[in-house]
Amino acid sequence: MIIFRKAFTDPRTGRVFEEGDIIKRELLADTLEELAQAPDPVHLFYQGGIAQTIAAEMKEHGGYLTLEDLTNYKTIVYDTPLESDALPGDLVMCGPPPPSSFAVTQAIVGIMAQFYNEKRGPVNLDDPEVYHRLIEAEKFAYSYRAQLGDINFVKDAQRISQNMTKTSFVHWIASQIPDVAQPLSYYNLDNTVNAEDHGTSHFVALDREGNAVSSTSTINQLLGSKRISPTLGILWNDEMDDFSTPNVTNAFGFAPSETNFIQPGKRPMSSMSPTIVYDKNNGEVKMVVGGSGGSRIISAVAQTIIRAMLFNQTIKEAVDAPRFHNQFIPNVTEYETSAPKTIIQALQSQFHQTFSGVAKQASVVQALTHMEDGFIHGNSDFRRKTATYPAGY
14 MIIFRKAFTD
24 PRTGRVFEEG
34 DIIKRELLAD
44 TLEELAQAPD
54 PVHLFYQGGI
64 AQTIAAEMKE
74 HGGYLTLEDL
84 TNYKTIVYDT
94 PLESDALPGD
104 LVMCGPPPPS
114 SFAVTQAIVG
124 IMAQFYNEKR
134 GPVNLDDPEV
144 YHRLIEAEKF
154 AYSYRAQLGD
164 INFVKDAQRI
174 SQNMTKTSFV
184 HWIASQIPDV
194 AQPLSYYNLD
204 NTVNAEDHGT
214 SHFVALDREG
224 NAVSSTSTIN
234 QLLGSKRISP
244 TLGILWNDEM
254 DDFSTPNVTN
264 AFGFAPSETN
274 FIQPGKRPMS
284 SMSPTIVYDK
294 NNGEVKMVVG
304 GSGGSRIISA
314 VAQTIIRAML
324 FNQTIKEAVD
334 APRFHNQFIP
344 NVTEYETSAP
354 KTIIQALQSQ
364 FHQTFSGVAK
374 QASVVQALTH
384 MEDGFIHGNS
394 DFRRKTATYP
404 AGY
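Mind the numbering: the sequence shown is residues 14 to 406 in the numbering used here, read in order.
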């Protein structure tokens, strides 16, 4: 912990570094320079000297990562993403398969698209039923997340995620939306939810050729394991906490999910939901979006897409609007207190929703939209506790 404290504390004042301060990570700089100058940096990191140092440090401190794990590591590339055409017109949402949660995110959007589309006219955002339907859609979609996991290990995960992208699925779920909130047993599963993460960041990019990137990276919880290598300067993640452990409730009070139990070579379930929306007729990208913030990534990204693609709001309005988050368990909807009080009161009295208010949710969305006039509009979420500045060309 001494090295960790030293890395993030100003030696002149003894306080934690703040925005604008210069942080010198000299050990990490040496490691990066060694990689940059190596004739084969991949071999150095996964099999050579750096790999051997990592494995030795893990063993010394009771960790499970071995040199064999590093040597056998392979990046998995999917040439065919999950796709959903539940949006109105010719728009398609695409994103990665499990262990990503894109299937859950697009399901929320798809369910709402059954109620709000071009055929039904403008949306009255002062109508509390809009938000009741959103909350109920979240409950249904999140309940299916407990069935998902690494598609190379969980037999039905691929089939379930593909089924969730079908218009017939979201149409059926929309038909099941109750007039008032129901007990948990109504929403498909008596199952569990996985760990949150707060060590996550996201960026989106769209170039003049129409190529788009939606990229999420994470070390899981805030500052990962809170341990730094004394020789390499690398901040170790705590990604193993993304797995479930039998009979063990995680740090956030969530019970384990069997499809997310640890196995050799398996990837843990993640809330990451990088999403691209494009026109299936010409391939033109209309929206690039993703976020950070643990389990709230799913609801935050979904609501941003809903507001931009279904409610015809600007990307500024879509990202900044008050959010509602219900992840099925616990059956309480977290809402931002900037939401109109009349809406919250109506949801409680007329629709029997249960609420917990926060000033700002711990979810941060980055999004771009490609407008009909050819301009690209972007918004970087104000909810990030440190300043974020959208970049241009």
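Every residue gets a Cβ at the ideal spot worked out from N, C-alpha and C, and that includes glycine.
Predicted model, so just to flag it, every value in this text is computed and none were measured.
Let me check understanding here. Comparing Cα to Cα, which of the options lies closest to residue i?
{"i": "residue 395", "options": "389, 383, 335", "result": "335"}
{"i": "residue 148", "options": "286, 121, 87", "result": "121"}
{"i": "residue 320", "options": "95, 366, 214, 380", "result": "380"}
{"i": "residue 366", "options": "85, 98, 32, 144", "result": "144"}
{"i": "residue 385", "options": "327, 96, 253", "result": "327"}
{"i": "residue 433", "options": "333, 389, 391", "result": "Nothing in the structure corresponds to residue 433, since the chain is present only between 14 and 406."}
{"i": "residue 135", "options": "226, 324, 252", "result": "324"}
{"i": "residue 249", "options": "84, 70, 54, 36", "result": "70"}
{"i": "residue 378", "options": "17, 215, 276", "result": "215"}
{"i": "residue 100", "options": "23, 137, 181, 389", "result": "181"}
Between which residues of its own chain and residue i is the CB-CB distance below 8 angstroms, once the five residues before and five after are set aside?
{"i": "residue 387", "result": "none"}
{"i": "residue 374", "result": "306, 309, 313, 336, 338, 347, 349, 396"}
{"i": "residue 299", "result": "104, 290, 291, 292, 322, 382, 383"}
{"i": "residue 64", "result": "57, 58, 80, 83, 84"}
Taking the C-alpha atoms as reference points, what is the distance between residue i and residue j?
{"i": "residue 39", "j": "residue 171", "result": "44 angstroms"}
{"i": "residue 291", "j": "residue 51", "result": "40 angstroms"}
{"i": "residue 213", "j": "residue 127", "result": "32 angstroms"}
{"i": "residue 155", "j": "residue 49", "result": "42 angstroms"}
{"i": "residue 111", "j": "residue 26", "result": "46 angstroms"}
{"i": "residue 73", "j": "residue 237", "result": "19 angstroms"}
{"i": "residue 168", "j": "residue 225", "result": "31 angstroms"}
{"i": "residue 274", "j": "residue 257", "result": "5 angstroms"}
{"i": "residue 234", "j": "residue 281", "result": "14 angstroms"}
{"i": "residue 46", "j": "residue 218", "result": "27 angstroms"}
{"i": "residue 107", "j": "residue 124", "result": "16 angstroms"}
{"i": "residue 227", "j": "residue 32", "result": "26 angstroms"}
{"i": "residue 174", "j": "residue 117", "result": "8 angstroms"}
Tell me which residue opens and which closes the alpha helix (DSSP H) that residue i is part of.
{"i": "residue 358", "result": "354 to 362"}
{"i": "residue 312", "result": "309 to 318"}
{"i": "residue 56", "result": "54 to 59"}
{"i": "residue 49", "result": "39 to 50"}
{"i": "residue 66", "result": "62 to 73"}
Leaving aside the five residues before and after residue i along the sequence, list all residues of the same chain whose C-beta is less than 6 angstroms from its C-beta, in chain order.
{"i": "residue 204", "result": "Caution applies to residue 204, whose pLDDT of 47 falls short of 50 and renders its modelled position unreliable; the model cannot decide the point."}
{"i": "residue 152", "result": "200, 339, 341"}
{"i": "residue 363", "result": "none"}
{"i": "residue 141", "result": "356, 359, 360"}
{"i": "residue 316", "result": "336"}
{"i": "residue 129", "result": "136, 323"}
{"i": "residue 197", "result": "344"}
Within a Cβ cutoff of 7 angstroms, which residues of the same chain sit near residue i, ignoring the five residues on either side of it in sequence?
{"i": "residue 66", "result": "244, 245"}
{"i": "residue 279", "result": "163, 166"}
{"i": "residue 283", "result": "112, 113, 114, 255"}
Specify, as a first and last residue, the run of the beta strand (DSSP E) that residue i falls within.
{"i": "residue 225", "result": "225 to 231"}
{"i": "residue 218", "result": "213 to 219"}
{"i": "residue 380", "result": "377 to 383"}
{"i": "residue 299", "result": "298 to 305"}
### 4-residue-minimum alpha helix (DSSP H) runs that sit fully inside the region 150 to 182, ordered along the chain
170 to 177
### Query
Unbroken alpha helix (DSSP H) runs of length 4 or more, entirely within the region 324 to 352: which are they?
328 to 333
### Task
Scan the region 78 to 103 and note each continuous alpha helix (DSSP H) run of 4 residues or more that stays entirely inside, going in chain order.
80 to 85
### Query
What runs of the alpha helix (DSSP H), each 4 residues or longer, lie entirely inside the region 95 to 147?
115 to 126
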